[in-house]
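Encoded as structure tokens, the structure appears first; notes follow it.
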Amino acid sequence: MKMKIPKSHPRYHSLVIREKLAEGFRKGLVHETGLIAHGRGEAFDYLIGERTTEIAELAEKTAAALLLIAKHPVISVNGNTASLAGRECVELAERIPAKIEVNLFHRTEERVRRIIEELESFGAQDVLGDRPDARIEGLDHPRGLCCKEGIYSADVVLVPLEDGDRCEALVKMGKRVIAIDLNPLSRTSQRASITIVDNVVRAIPNISKWVDELRDKDMEELRDMVDSWDNKKSLQKILEYISKRINPP
Ligand code: PTJ
15 MKMKIPKSHP RYHSLVIREK LAEGFRKGLV HETGLIAHGR GEAFDYLIGE
65 RTTEIAELAE KTAAALLLIA KHPVISVNGN TASLAGRECV ELAERIPAKI
115 EVNLFHRTEE RVRRIIEELE SFGAQDVLGD RPDARIEGLD HPRGLCCKEG
165 IYSADVVLVP LEDGDRCEAL VKMGKRVIAI DLNPLSRTSQ RASITIVDNV
215 VRAIPNISKW VDELRDKDME ELRDMVDSWD NKKSLQKILE YISKRINPP
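Using my numbering, read the sequence shown as starting at 15 and increasing by one per residue.
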């Protein structure tokens with residue numbers, strides 16, 4: 015049952031996000047384990063202060079630059095992402111422009127269809143994912159299914175809430191992977207080309223903001239920005255930031 019959350023509640027924003035996800039579960043968009051994955055994300059969000067850090071802001075800016083220089087960028091959408099930031103993913107895809115492909119860890123045709131319909135309700139067109147005709151190399155289970163004209167041929171893939179195996183497999187295929195993951199220690203975070211340690215709810219609109227700001231820059235400048243990105247260093251900074259919050263000097 016839907017809960018009405020009073021605005022005065024001290025954890026209002028966090029509860030609204032939870033409610034959105036629960037609604038996504040009731041609508042058949044979110045897998046039941048997506049609720050558990052969200053709990054882990056919430057814990058890390060709490061540790062970073064439930065806001066976009068300067069470190070994440072820079073990652074979001076660099077991600078926007080990479081999406082703008084990409085030849086064939088694709089946004090991979092799963093159940094949690096569709097439910098928490100579906101509209102924002104569609105807006106980002108239009109801005110870049112990029113293709114959207116629904117790619118699920120716990121794949122069922124029914125959930126793929128529902129997520130596509132949800133994205134279409136926000137104006138998305140030609141969402142890929144319901145007729146996979148290729149495989150992510152090295153993943154032989156249904157989550158390896160993908161589309162030739164989408165993830166398979168992409169040079170840059172934005173993957174919010176990814177599982178480590180797939181991220182690694184995409185990198186092995188020579189793609190640059192932008193991950194959004196609140197857990198800086200996850201395998202996804204460690205393997206991605208650019209890791210954004212931020213909530214998908216804040217990260218996607220922020221990447222859109224940077225796409226708008228950077229779109230008139232010349233390609234060389236955007237390339238330099240991307241080439242100078244050091245993902246390991248950024249993850250180290252976020253871990254130092256979290257440890258200082260836990261153990262102030
Ligand atoms: O819809 P499906 O079938 O593709 O399934 C999606 C889930 C999320 C269930 C699946 O990909 C999964 O099991 O993921 P993991 O391995 O639990 O990883 C999810 C990661 O996302 C964890 O590291 C969480 O910290 C992180 N996370 C959770 N919620 C958010 C988040 N990161 C950013 N924003 C969030 N709101």
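Backbone N, C-alpha and C define an ideal beta-carbon position, used for all residues, glycine too.
query, result
"Determine the contact status of Ala77 and Ile165, defining contact as a CB-CB distance below 7 Å.", "no"
"Go to Val170, then tell me how far its beta strand (DSSP E) extends in each direction, as first and last residue.", "Val170 to Pro174"
"Where DSSP assigns a beta bridge to Ala148, which residues make up the other side?", "Cys160"
"In the DSSP assignment, find the unbroken beta strand (DSSP E) run with Pro219 in it and report its ends.", "Per DSSP, Pro219 belongs to no beta strand (DSSP E); it is in the alpha helix (DSSP H), Val214 to Leu228."
"When DSSP labels each residue in this structure, what does Leu142 get in the three-state scheme?", "strand"
"Which partner residues does Ile252 have in the DSSP bridge list?", "Partner(s): none; Ile252 has no beta bridge."
"Would you grab the beta carbon distance between Arg125 and Gly188 for me? Rounded to a whole angstrom, and I think it's under 8 Å.", "Not a contact, Cβ separation roughly 29 Å."
"Run through the region 21-70 for me and flag every whole alpha helix (DSSP H) of 4 or more residues, listed as ranges in chain order.", "26-40 and 46-62"
"Just to confirm my understanding: we take Ile183, look at its own chain, exclude 5 residues before and 5 after, and list those with CB closer than 7 Å. What are they?", "One detail in the question is off: residue 183 reads as Ala in this sequence, not Ile. The residues are Ile150, Glu151, Gly152 and Leu153."
"Taking 6 Å as the cut-off, is the beta-carbon of Ile194 closer than that to any non-hydrogen atom of ligand 1?", "yes"
"Checking the sheet assignment: what are the DSSP bridge partners for Arg190?", "Val170"
"Is Lys258 helix, strand or coil by DSSP?", "helix"
"For chain D, is any of its Cβ atoms less than 7 Å away from the one on Tyr60?", "No chain D appears in the structure shown, which is made up of a single protein chain."
"So, helix, strand or coil for Val240, using DSSP?", "helix"
"Under a three-way DSSP split, which group does Thr122 fall into?", "coil"
"Would you check if the distance between the CB atom of Ala44 and the CB atom of Gly93 is smaller than 7 Å?", "One point to set straight first is that residue 44 is Val, not Ala, in the sequence displayed. Yes, the pair counts as a contact, with Cβ atoms nearer than the cut-off."
"For the region 47-59 against the region 192-205, are there 3 or more C-beta pairs whose distance is under 8 Å?", "yes"
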